[in-house]
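Numbering (the numbering used here), first residue to last: -16 to 155.
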């Protein structure tokens, strides 16, 4: 992938070389982890429901030991230069793009559920229904602007047609 500077190119190449040394399962985990800007075990489990809680925790612990993954409040992130290169790669390859869009939609649902759960407008049972059914709409009384931004970003990636009305709704 193209980089902005020779240093960036070296970092991207070093990350690619490191990823090649990982098991196929961990290689897949790295590709999953670059979809959100930041990740934690709960988000990984949302992106890959087949991992469940225990496996998502194990994957998270393995990811955080990689040299190109940095700790941030409430989780980790893949370094931005490397993440950008990997996202460009995901979007250029048809078979990879489909996975990327699926993970982006799951991320949108995850962040929408967090907004709904933090809203005082819903009880626990209705919050689950609302976040599964109406995840393309801004929930009332959103108490988390960070989650709102992440939700809208991932919705725009996965479903741009639905993101436009959501963005207008936020602007109103």
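Every residue, glycine too, gets a C-beta built ideally from N, C-alpha and C.
Query	Result
Sort 145, 93, 73 by Cα distance to residue 22 and report the nearest one.	93
For residue 62, which residues in the same chain have their Cβ closer than 7 Å to its Cβ, ignoring the five residues on either side in sequence?	51, 53
Measuring straight from C-alpha to C-alpha, what distance separates residue -4 and residue 49?	15 Å
In whole angstroms, give me the CA-to-CA distance for residue -12 and residue 33.	38 Å
From what residue to what residue does the beta strand (DSSP E) around residue 53 run?	52 to 55
Since I believe residue 45 is in contact with residue 69 (beta carbons under 8 Å), could you give me their beta-carbon distance rounded to a whole number of angstroms?	Going by Cβ atoms, the distance from residue 69 to residue 45 rounds to 17 Å, so no, they are not a contact pair.
Do residue 127 and residue 97 have their C-beta atoms within less than 8 Å of each other?	yes
Where does residue 22 fall in DSSP's three states?	strand
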